[in-house]
Amino acid sequence: MRDEFARAMVALFGQRNDLVFITGDVGYLAIEPIAEAYGERFVNAGIAEQNMVSLAAGLAHEGHLPWVYSIAPFVAFRPYEQIRTDVCLHRLPVKLVGNGGGYGYGIMGASHHALEDVGAMRVLPHMRVYLPLTGADVSPAVSLMAQDPLPNYLRLNTAAQIPGDVPPFAPWRKLKSGRKCVVIGMGPVVGNLYDLGDTALLDDLEIWSVGMLPLGDAPPDLLASIAEKQRLVTLEEHYLACGMAEAVSHLLLTNGVSPRSFTSLHARGYPSGRYGSQRWHQQESELGGPSLRARLEQAVRG
Amino acid sequence: MTDSRPSRGPGRADRTAERVQLEERVFAVKKRFLAMYKRANAGHIGSSLSCAEILVFLKCAWMRDRDTFVLSKGHAVAALYALLAELNVLDARELDSFYGDGTRLPALPPVNTLEQIPFATGSLGHGLSLCAGMAVGAALNRSDRRFFCLTSDGELDEGSTWEAALFIAHRKLTNVVWLIDRNRVQAMGDTEDVLALEPLDAKLEAFGFQVVAADGHDFASLAAARDACAGAGGRPVAIVARTAKGHGIRYMQDTVASHYLPMDDAQYEQALAELASAHAAAVAGARHAG
Numbered sequence: 000m001r002d003e004f005a006r007a008m009v010a011l012f013g014q015r016n017d018l019v020f021i022t023g024d025v026g027y028l029a030i031e032p033i034a035e036a037y038g039e040r041f042v043n044a045g046i047a048e049q050n051m052v053s054l055a056a057g058l059a060h061e062g063h064l065p066w067v068y069s070i071a072p073f074v075a076f077r078p079y080e081q082i083r084t085d086v087c088l089h090r091l092p093v094k095l096v097g098n099g100g101g102y103g104y105g106i107m108g109a110s111h112h113a114l115e116d117v118g119a120m121r122v123l124p125h126m127r128v129y130l131p132l133t134g135a136d137v138s139p140a141v142s143l144m145a146q147d148p149l150p151n152y153l154r155l156n157t158a159a160q161i162p163g164d165v166p167p168f169a170p171w172r173k174l175k176s177g178r179k180c181v182v183i184g185m186g187p188v189v190g191n192l193y194d195l196g197d198t199a200l201l202d203d204l205e206i207w208s209v210g211m212l213p214l215g216d217a218p219p220d221l222l223a224s225i226a227e228k229q230r231l232v233t234l235e236e237h238y239l240a241c242g243m244a245e246a247v248s249h250l251l252l253t254n255g256v257s258p259r260s261f262t263s264l265h266a267r268g269y270p271s272g273r274y275g276s277q278r279w280h281q282q283e284s285e286l287g288g289p290s291l292r293a294r295l296e297q298a299v300r301g
Numbered sequence: 003m004t005d006s007r008p009s010r011g012p013g014r015a016d017r018t019a020e021r022v023q024l025e026e027r028v029f030a031v032k033k034r035f036l037a038m039y040k041r042a043n044a045g046h047i048g049s050s051l052s053c054a055e056i057l058v059f060l061k062c063a064w065m066r067d068r069d070t071f072v073l074s075k076g077h078a079v080a081a082l083y084a085l086l087a088e089l090n091v092l093d094a095r096e097l098d099s100f101y102g103d104g105t106r107l108p109a110l111p112p113v114n115t116l117e118q119i120p121f122a123t124g125s126l127g128h129g130l131s132l133c134a135g136m137a138v139g140a141a142l143n144r145s146d147r148r149f150f151c152l153t154s155d156g157e158l159d160e161g162s163t164w165e166a167a168l169f170i171a172h173r174k175l176t177n178v179v180w181l182i183d184r185n186r187v188q189a190m191g192d193t194e195d196v197l198a199l200e201p202l203d204a205k206l207e208a209f210g211f212q213v214v215a216a217d218g219h220d221f222a223s224l225a226a227a228r229d230a231c232a233g234a235g236g237r238p239v240a241i242v243a244r245t246a247k248g249h250g251i252r253y254m255q256d257t258v259a260s261h262y263l264p265m266d267d268a269q270y271e272q273a274l275a276e277l278a279s280a281h282a283a284a285v286a287g288a289r290h291a292g
């Protein structure tokens, strides 16, 4: 999604005169077009993320719309107190962008993964998290963020390839109908459901994609479908704590919907203590490949 | 917050009048915040006494209306509230609510409450970066606004302060003026015993700052520092203001306890008495020097 993001930021620059792009010295072979387009409004703040975020708060205070870009853990965790105090408490429209959310940086290892970023962001006051699924989602997500007066966090990852027509980016999207079980997924890991290549299993799954947190109101047809099928699976490349599944659970209970079977598929960290590609880590956490298929088959039968 | 800086080349009588006026102002501010602390039975008195002259000088003799001040050492916000009341920006009656339930004036700066307090500081190591961001923003807006940041010296333990220092120096943000309240006392002891800062001037110079030394309790010295900034030659300025925590009150001065402890009745009376005699001496000194 990095390239789509860079293109979206360049396009946005043609529409607004208040943008400032700040990078924490990352984005090689990706954000150069942004630097070229933004000129003096492009700032490489160096590898100094705490300063970078407070800097953005100061810029926003002066009426600018700052975008702060880094690898997900370095924009979400390193400057966390600056995000909370300088940005969120003051309700400033600072746009944080984390590349490689989840296991996105694969073999780079645990320091470069972000399995808690969405949770860390969504507990902050006034913060809204944007979660694109496909490459085509990035541009509309960026446009919505530019109009959003609140602090935001954009989680970029390797875009999912979803067959067929995908509805435009939205807080809730129904990707396909299915017979037996509702799946609610967050971000490109949803594409792993299609990658299983198991048509019969896929026919049993009604798949929804969450595009923003907080979740807002639940679509009535989603609630009706969960009530009817009584089977729910959540799928996220993120730890269980403070992730999407918890938000969905709260939403369902608030709406009086309680499925008989609830399966939360989520990142489990590093259970074997070994490292690999993003796909390898996903499989180890039952988020992709045969382990995902087994959990889904279990859920459909449950 | 008026632009009360005298016009170019003030005469001797003008300088004397300005200094006397500043002494009167800081005396009034100190009386106000001592009363606030006493009423609230609260601490952080030493922090406010450490920087009262600096705050008064900035707001009354240096900053223009369009400039912005960030009190990064938010623990001294009582002094700022008192000064804002003195300048009729804040209703003085509201000072009575300091520390109380439902107040707009908590012990550290509030969020989005007063235009003159742009950020809720006090978590240390934020203010300089916030000023840097506002300064870059003002430059992009082709504005000549300036951003004054007062940090404590204990706050220099924070790595983020030095991230900001690198950034300000690298981008030559001369519209940021960094003042350091160098009272040498931090929360649990002498700064040189806790995490040594010296040689501080050399560190700041190595980062790319023009370092200006000042006596943070002397308006003539602060005026000289202000004037020295004009000749910084394109380098950003860091003013190292020598101060004393709990300045002017004998039992408090240079003590860690003055960061924490409230005053009992006798201590309050003693503080007021010492403040009054110090003020009389300062006014006499200003007249004599003039």
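Chains as they are written, first to last, in this note's numbering: chain A, 0 to 301; chain B, 3 to 292. All C-beta atoms in this analysis are idealised placements derived from N, C-alpha and C, irrespective of residue type, glycine included.
Contact with chain A by G210/B, beta-carbon distance below 9 Å
Chain A contact via Cβ: absent.
Three-way DSSP call (helix, strand, coil) for P65/A in this model
Strand at P65/A.
Status (buried if at least 16 other CB within 10 Å, exposed otherwise) for T22/A
Burial of T22/A is indicated by the presence of at least 16 other C-beta atoms within 10 angstroms of its C-beta.
Scan the region 57-70 of chain A for residues whose Cβ lies nearer than 9 Å to a Cβ of chain B and list them as they occur along the chain.
Within the region 57-70 of chain A, the residues whose Cβ lies closer than 9 Å to some Cβ of chain B are G57, L58, A59, H60, E61, G62, H63, P65, listed in chain order.
Can we say the region 51-65 of chain A touches the region 137-152 of chain B, given the rule of at least three CB pairs closer than 8 Å?
Taking 8 Å as the limit for Cβ pairs, the verdict is that the region 137-152 of chain B does touch the region 51-65 of chain A.
Tell me the DSSP secondary structure of N16/A in three-state form.
In this structure, DSSP gives N16/A a state outside helix and strand, which the three-state scheme calls coil.
Range of the contiguous beta strand (DSSP E) that encloses T153/B
Its beta strand (DSSP E) spans residues 149-154.
Ignore the nearest five residues each way along the sequence and tell me which others in A282/B's own chain have a CB closer than 8 Å to its CB.
If the five residues before and after A282/B are omitted, its C-beta is found closer than 8 Å to no C-beta atom of its own chain.
Given that P108/B touches chain A, what residues does it touch there, using C-beta distances under 9 Å?
Within 9 Å Cβ-Cβ: nothing; P108/B doesn't reach chain A, min ~13 Å.
Per-residue contacts from E165/B into chain A (C-beta, under 7 Å):
What E165/B touches in chain A: A47, Q49, N50.
Which residue wins for smallest C-alpha separation from T253/A, given the options L214/A, G268/A, Q281/A, Y269/A?
Of L214/A, G268/A, Q281/A, Y269/A, the residue nearest in Cα terms is L214/A.
Is DSSP giving I251/B helix, strand or coil here?
The DSSP-derived three-state label of I251/B is coil.
Partner residues on chain A for F169/B, Cβ-Cβ distance less than 8 Å
Within 8 Å Cβ-Cβ: A44, G45, A47, N50, L54.
Under the three-state reduction of DSSP, which class applies to M3/B: helix, strand or coil?
Annotation note: pLDDT 38 at M3/B (below 50); position unreliable, no value reported.
Using CA coordinates, which residue listed in A167/B, G156/B, A222/B is at the minimum distance from D192/B?
It is G156/B whose Cα lies nearest to the Cα of D192/B.
S162/B to R17/B span [Cα, whole Å]
Distance between the alpha carbons of S162/B and R17/B: 39 Å.
For the region 75-100 of chain A, enumerate the residues whose C-beta is nearer than 8 Å to any C-beta of chain B, in chain order.
Those would be E80, Q81, T84, D85, L88, H89, R90, in chain order.
How close, in whole Å, do the beta carbons of L231/A and V181/A come, if the pair is a contact with beta carbons under 8 Å?
Contact between L231/A and V181/A holds: their C-beta atoms lie close to 5 Å from each other, under 8 Å.
Taking G81/A as the reference, which of N43/A, L204/A, M120/A has the closest Cα?
Looking at the sequence provided, one finds Gln at residue 81/A rather than Gly. The option with the nearest alpha carbon to Q81/A is M120/A.
Residue from R34/B, C231/B, P238/B whose Cα sits closest to the Cα of K174/B
The candidate whose alpha carbon is nearest that of K174/B is P238/B.
Listed from N- to C-terminal order along the chain, which residues in the region 113-147 of chain B have their beta-carbon within a distance smaller than 7 Å of any beta-carbon of chain A?
Within the region 113-147 of chain B, the qualifying residues are V113, N114, P120, F121, A122, S125, H128, S131, L132, C133, A134, G135, M136, V138, G139, A140, L142, N143.
Just the C-alpha distance for R7/B and T245/B, rounded to the nearest angstrom, thanks.
Since pLDDT at R7/B reaches only 48, below the 50 mark, its modelled position is unreliable, and no value is offered.
Taking 9 Å as the CB-CB cut-off, is V19/A touching chain B?
With 9 Å as the cut-off, V19/A counts as an interface residue toward chain B.
Do you know offhand how far G26/A's Cα is from S208/A's?
So the two alpha carbons sit approximately 28 Å from each other.
H63/A versus C151/B: straight-line alpha-carbon distance, rounded
C-alpha separation (whole angstroms): 21 Å.
If you measure from the beta carbon of R172/A to each beta carbon in chain B, is any gap under 9 Å?
Not an interface residue.
Just to confirm before moving on: does the CB-CB distance between G108/A and P72/A stay below 9 Å?
Here G108/A is not near P72/A, since their CB atoms are 9 Å or more apart.
Strictly under 9 Å for the Cβ-Cβ distance: is T4/B near chain A by that measure?
Because the pLDDT of T4/B is 40, which lies under 50, any placement of that residue in the model is unreliable, and the number read from its coordinates should be weighed accordingly. So no, T4/B is outside the interface.
Assess contact between the region 163-178 of chain A and the region 132-139 of chain A, defined as three or more Cβ pairs (one per stretch) separated by less than 8 Å. Is contact present?
With the cut-off at 8 Å, the region 163-178 of chain A and the region 132-139 of chain A touch.
Helix, strand or coil for V9/A per DSSP?
If DSSP states are grouped into helix, strand and coil, V9/A belongs with the helices.
Per DSSP, I183/A is paired with what?
Beta-bridge pairing by DSSP links I183/A to W207/A, T233/A.
Return helix, strand or coil for T193/B, following the three-state DSSP convention.
Helix.
Cβ pair count under 8 Å reaching 3, the region 244-251 of chain A against the region 269-283 of chain A:
No, the region 244-251 of chain A does not touch the region 269-283 of chain A.
Give me the residue from E296/A, I206/A, I161/A, V93/A with the minimum Cα distance to S224/A.
The residue with the shortest Cα to Cα distance from S224/A is I206/A.
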